[in-house]
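One point on numbering: in the working numbering, the residue at position 123 of the sequence shown is 716, and numbering is uninterrupted. Each remark here refers to the structure printed beneath this line.
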Amino acid sequence: MAGLRASLPDCDRQEWPLSAAFEMTSMARYEAPHPKRNSFLSSLSAQDSRVLLAHGEVTHLKLKRQLYAENRPVESIYFPIDCVVSILVGSEGSLLEMATIGHEGFVGAPALLDNGGAIGTTIVQLEGKAMRVDMKVFQRAVARRPAIEHRVKLSLYALIFQIMQSGACHHLHTIEQQCARWLLLMRDGAGSDTFLLTQEFLSEIICVRRASVNLAVGLFRQAGYIRYGRGRVTIVDVPGLESASCSCYKLVGDQYARLAYTSA
Ligand SMILES: [Zn+2]
């Protein structure tokens, strides 16, 4: 099976200063989601979040954009606002998704432990906005602000939990369960019941034959859980799709939900 590596495009950054994004919003020319839709940022005090917001810039991340290449230094941290990013690992040209990060967390956390190089390949799964912060700026904020450091530790714990759970999921759970889980994750990240998705991309992400993904999507359509057409998915029965998913969706979701309620 062809892996994702061959189809990854070069970085195509389209960035603008945070202040400019808000200015455009106030002029009703552009609807920019607020960075504090990101749970990490919203969990911080006004003073702590201001340190990051002052140095951040909202950037649009296109589908399949590669944020980090394996073993290459991580120069920026990303806080997803309405996009979703995947960490993929693999060998011999095939990659398998081990973690999905949306607005509940931030991307680049392992590099805070040792920035000798990124672990795995990190790509954009669901196109959208994120706030980018220079790695050195973020490292300084973590070193000087205990509340930010505490949040980073909690996020790392949740990420480790997710990676371990993903390992079990790929071995223990069916393609249908994994597809249902993935669709629910996309809904959470997008903050919308409707989002763009090709079945080819989904089959690459969970590393199974496209025919298997087609079968699962067809079953969900027949059951009335989703509508699908022209690369656009609409989830119309969330409880139904949750019943088709494995327990991993809730287990990992509970870990990230815990972050929002754990005080520093
Ligand atoms: Zn699972």
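Virtual Cβ for every residue (Gly too), placed ideally from N, Cα, C. Predicted, not measured: the structure shown is a model, and the values here were computed from it.
Range covered by the beta strand (DSSP E) that runs through residue i
| i | result |
| --- | --- |
| I828 | 825 to 828 |
| R738 | Neither: R738 is in no beta strand (DSSP E) and is coded neither H nor E. |
| G683 | 677 to 684 |
| G709 | Unbroken run through G709: none, as it is neither H nor E. |
| S632 | It is not in any beta strand (DSSP E) - S632 instead sits in the alpha helix (DSSP H) that spans 632 to 636. |
| S687 | 687 to 694 |
6 Å Cβ shell around residue i - same chain, five flanking residues per side excluded
| i | result |
| --- | --- |
| L660 | T715 |
| Q755 | A692, V845 |
| S759 | M691 |
| K629 | S635 |
| A704 | V667 |
| L795 | V806 |
| M620 | Its pLDDT being 35, under 50, M620 is placed unreliably in this model, and the value from its coordinates should be taken loosely. Excluding residues within five positions, none has a Cβ falling inside 6 Å. |
| Q718 | V677, S679 |
| G701 | V667, I670 |
| E697 | S632, Y849 |
Own chain, CB closer than 8 Å to residue i, minus 5 neighbours either side, in chain order
| i | result |
| --- | --- |
| E742 | V735, A736 |
| R738 | D641, V644 |
| L706 | L749 |
| D605 | In this prediction, D605 scores a pLDDT of 33, lower than 50, which makes its location untrustworthy; the coordinate-derived value is nonetheless stated afterwards. So the qualifying residues of the chain are K655, R658. |
Beta-carbon gap between residue i and residue j smaller than 8 Å
| i | j | result |
| --- | --- | --- |
| F788 | V826 | yes |
| F633 | F731 | no |
| L834 | A773 | yes |
| V682 | L689 | yes |
| R823 | R814 | no |
| S636 | L852 | yes |
| Y842 | I828 | no |
| K722 | I670 | no |
| M724 | V651 | yes |
| V745 | H648 | no |
| A662 | A711 | yes |
| S836 | L777 | no |
| G709 | I680 | no |
| A740 | Y849 | no |
| R802 | E793 | no |
| L589 | M779 | Residue 589 cannot be examined here, being either before or after the span of the chain that is shown, 594 to 857. |
Terminal residues of the alpha helix (DSSP H) in which residue i lies
| i | result |
| --- | --- |
| G833 | 831 to 837 |
| L777 | 768 to 783 |
| L789 | Unbroken run through L789 is the beta strand (DSSP E), 787 to 789; no alpha helix (DSSP H). |
| L812 | 803 to 816 |
Residues that DSSP places opposite residue i in a beta bridge
| i | result |
| --- | --- |
| F672 | M724 |
| Y661 | T715 |
| V651 | M724 |
| G822 | R825 |
| V644 | BP columns for V644 are empty, so no partner. |
| V700 | Y671 |
Contacts around residue i, its chain only, beta-carbon distance under 7 Å, and the 5 residues preceding and following it disregarded
| i | result |
| --- | --- |
| L812 | E769 |
| D781 | G695 |
| A816 | G833 |
| D847 | none |
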